[in-house]
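Protein chains: 2
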Amino acid sequence: MAIELPENLKQKTPLSNIEEAAYLWILVTAEHLKAETAELFKQQDLTAPQYNVLRILRGAGAEGLCGREVGDRMITRDSDITRMLDRLEGRGLIRRERQTEDRRFVLAFITKAGLDTLAKLDRPIVAWHRKRLAHLSESEMRTMTGLLKKVLKG
Amino acid sequence: MAIELPENLKQKTPLSNIEEAAYLWILVTAEHLKAETAELFKQQDLTAPQYNVLRILRGAGAEGLCGREVGDRMITRDSDITRMLDRLEGRGLIRRERQTEDRRFVLAFITKAGLDTLAKLDRPIVAWHRKRLAHLSESEMRTMTGLLKKVLKG
DNA sequence: TGACAATAGTTGTTATAACAGCTATTATTC
DNA sequence: GAATAATAGCTGTTATAACAACTATTGTCA
């Protein structure tokens, strides 16, 4: 039995290759969800990576994080953390401070303005997640994340 | 029970929100797979969207496709098909031709050079897919794609 | 038929991503 | 302790993405 593909792809020759189909479903679904959340972030003039960085820094709290650590924690790898932080700093959403012990590190912290910006998004985002996945049971979500985890670790 | 998150995210406060966890797993897995395949495409100096376009045009064959149709079939929405096709045309991988019946349409076709480029990638890519997902059973892949489909349609 | 809407594509502009090479600082090793 | 490697981050450049305004062509309908 040929496996179904995302509609829009409209592949004529049904893929014989179930692995490629699985791969495509993961990518297409991710892309779709990403596009939807991008709309939410835009309310506060943030891109998805920018929102991601702010959340990371909120999580880090008063200790802050250096650029490399921020990069490691991101969902999508960003090849240029420096200038991304530049922009956020320029908007006053974060601040930076060079460490004195090891002067190679520049720690980044979220500011009050950054926290306020995030706060305005918190409720809509939780609401979006709940609503967007409301039609899956908890067990379905666990099964799916379990399988995705297996894919990732592979 | 708190659901596990992708390692690198290192969230301190475990998410209470299983929906958000599911969402993150989808995105992180997709991102990871995308990064791996990007390496393959780079062998032929192609980005993932460029490879995607060439495959779409190969699928379309001698009939070709107009820009909008190409855009519809892409995995990741591209906001600027025109210039992406410009670049591929500049490299001789595709050619374009304005339709005579309805002069609004510009049809794109893959060239011999484009087909050759794709051909060099076909085997490595099939091999990559098989190897990358070899540790999942066919039934696991079907379950996963079924759930992803449910997410997407939601 | 003529105004207006719809569609396909192009172009200009700005922001961001990708890549490579660079400086500053600290760790390692002989 | 000097040479070297390793790490963090910065900078320059090019390519691409995102957004909006614009042209050309065709469809709709009073």
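The listed protein sequences correspond, in order, to chains A and B.
With the numbering used here as the guide, the letters of the first sequence map in order to residues 1 to 154.
With the numbering used here as the guide, the letters of the second sequence map in order to residues 1 to 154.
For glycine and all other residues, C-beta sits at the position ideal for the given N, C-alpha and C.
All of these numbers come straight from a predicted model, not from anything done at the bench.
{"Check": "Residues of the stretch 49-82 of chain A whose Cβ lies closer than 7 angstroms to any Cβ of chain B, in chain order", "Outcome": "GLY59, ASP72, ARG73, ILE75, THR76 and ARG77"}
{"Check": "Burial state of ALA35 (chain B), where buried means 16 or more other Cβ atoms lie within 10 Å", "Outcome": "exposed"}
{"Check": "Contacts that LYS149 (chain B) makes with chain A (C-beta to C-beta distance below 9 angstroms)", "Outcome": "GLU4, PRO6, TRP25 and THR29"}
{"Check": "Check whether ALA60 (chain A) and ALA48 (chain A) have beta carbons under 7 angstroms apart", "Outcome": "no"}
{"Check": "Stretch pair the stretch 107-116 of chain B + the stretch 52-67 of chain B: three plus CB contacts closer than 8 angstroms", "Outcome": "yes"}
{"Check": "Those residues which DSSP pairs with VAL106 (chain B) across a bridge", "Outcome": "B:ARG98"}
{"Check": "DSSP three-state assignment for LEU40 (chain A), whether helix, strand or coil", "Outcome": "helix"}
{"Check": "Whole-angstrom distance between TYR23 (chain A) and GLY64 (chain A), CA atom to CA atom", "Outcome": "36 angstroms"}
{"Check": "Beta-carbon proximity of GLU20 (chain B) to HIS32 (chain A), cut-off 7 angstroms", "Outcome": "no"}
{"Check": "Interface partners of MET84 (chain A) on chain B, CB under 7 angstroms", "Outcome": "Chain B residues near MET84 (chain A): none, gap ~16 angstroms exceeds 7 angstroms."}
{"Check": "Closer than 8 angstroms at the beta carbon, the chain A residues around ARG160 (chain B)", "Outcome": "As shown, chain B starts at 1 and ends at 154. That puts residue 160 (chain B) outside it, with no answer to give."}
{"Check": "Bridge partners - LEU65 (chain B), DSSP secondary structure assignment", "Outcome": "B:ALA108"}
{"Check": "Residue-level contact to chain A via CB, ALA22 (chain B), 7 angstroms cutoff", "Outcome": "yes"}
{"Check": "Segment contact, 8 angstroms Cβ cut-off, at least three pairs: the stretch 97-113 of chain B with the stretch 66-85 of chain B", "Outcome": "yes"}
{"Check": "Continuous alpha helix (DSSP H) stretch holding LEU152 (chain B): start and end", "Outcome": "138-153"}
{"Check": "LYS34 (chain A): contacting residues in chain B (beta-carbon distance under 7 angstroms)", "Outcome": "LEU27"}
{"Check": "Amino acids of chain B, ordered along the chain, whose beta-carbon sits closer than 8 angstroms to that of VAL126 (chain A)", "Outcome": "ASN17 and GLU20"}
{"Check": "Same chain only: Cβ atoms within 6 angstroms of ALA127 (chain B), ignoring 5 sequence neighbours per side", "Outcome": "none"}
{"Check": "Exposure label - ARG73 (chain A); buried when at least 16 CB within 10 Å", "Outcome": "buried"}
{"Check": "CB contact flag (ILE75 (chain B), VAL28 (chain A), <7 angstroms)", "Outcome": "yes"}
{"Check": "Test: ARG123 (chain B) CB closer than 7 angstroms to a CB of chain A", "Outcome": "no"}
{"Check": "Cβ neighbours of GLN99 (chain B) in the same chain (closer than 8 angstroms, five flanking residues each side left out)", "Outcome": "CYS66, PHE105, VAL106 and LEU107"}
{"Check": "Burial state of THR82 (chain B) (16 or more Cβ within 10 Å)", "Outcome": "exposed"}
{"Check": "First through last residue of the alpha helix (DSSP H) which encompasses ARG83 (chain A)", "Outcome": "81-90"}
{"Check": "Residue nearest to LYS120 (chain B) in terms of C-alpha spacing, selected from B:ALA30, B:LEU9, B:LEU5 and B:ASP45", "Outcome": "B:ASP45"}
{"Check": "7 angstroms Cβ cutoff, GLN152 (chain A) in contact with chain B", "Outcome": "Note that residue 152 (chain A) corresponds to Leu in the displayed sequence, not to Gln. Yes, because at least one Cβ of chain B sits closer than 7 angstroms to the Cβ of LEU152 (chain A)."}
{"Check": "Beta carbon proximity, LEU118 (chain A) to chain B, threshold 7 angstroms", "Outcome": "no"}
{"Check": "Test: THR145 (chain A) CB closer than 7 angstroms to a CB of chain B", "Outcome": "yes"}
{"Check": "Nearest-angstrom Cα separation, counted from MET84 (chain B) out to GLY90 (chain B)", "Outcome": "10 angstroms"}
{"Check": "Proximity winner among A:ARG58, A:GLN50 and A:ILE26, relative to MET144 (chain B) (alpha-carbon distances)", "Outcome": "A:ILE26"}
{"Check": "LEU5 (chain B) beta carbon less than 7 angstroms from that of GLU140 (chain A)", "Outcome": "no"}
{"Check": "Assigned secondary structure, THR117 (chain B) (DSSP; H/G/I helix, E/B strand, else coil)", "Outcome": "helix"}
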